[in-house]
Amino acid sequence: MMNQTIYTIYYLLMRTRQLIRTLIYFGLDSEKGQQAIATINHAHRSVKANNDDYRYVLSTFFLEPFRWNSHF
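For what it's worth, the working numbering labels the leading residue of the sequence shown as 3, then goes sequentially.
Laid out in structure tokens, this is it:
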């Protein structure tokens, strides 16, 4: 059971990294960017959040590493 949990967490991390990488490399308005956004929206379809909430969470992927590095 533990190995399956670790695998699932690892898979989700790698999938999230790939989607973010796609958004960075190709942009939000590109066809690939739009597909990445659709995938993200589909994965989070059960989450009751507005666009500002999603933007905040997405920004933490970019801003927190800078804050952490400057602090430590």
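Think of the CB as a built atom: it goes at the ideal place given N, C-alpha and C, for glycine as much as any other residue.
Rounded C-alpha distance that separates residue i from residue j
i, j, result
"F64", "G29", "15 Å"
"K50", "R17", "21 Å"
"I26", "N71", "21 Å"
"Q6", "F74", "34 Å"
"R57", "K34", "19 Å"
"Y9", "R19", "15 Å"
7 Å CB neighbourhood of residue i in its chain, flanking five on each side removed
i, result
"I22", "F63"
"A45", "none"
For residue i, the first and last residue of its enclosing alpha helix (DSSP H)
i, result
"A38", "33-45"
"F63", "53-73"
Nonlocal neighbours in the same chain, by C-beta distance under 8 Å from residue i, ignoring five residues either side
i, result
"T41", "L21"
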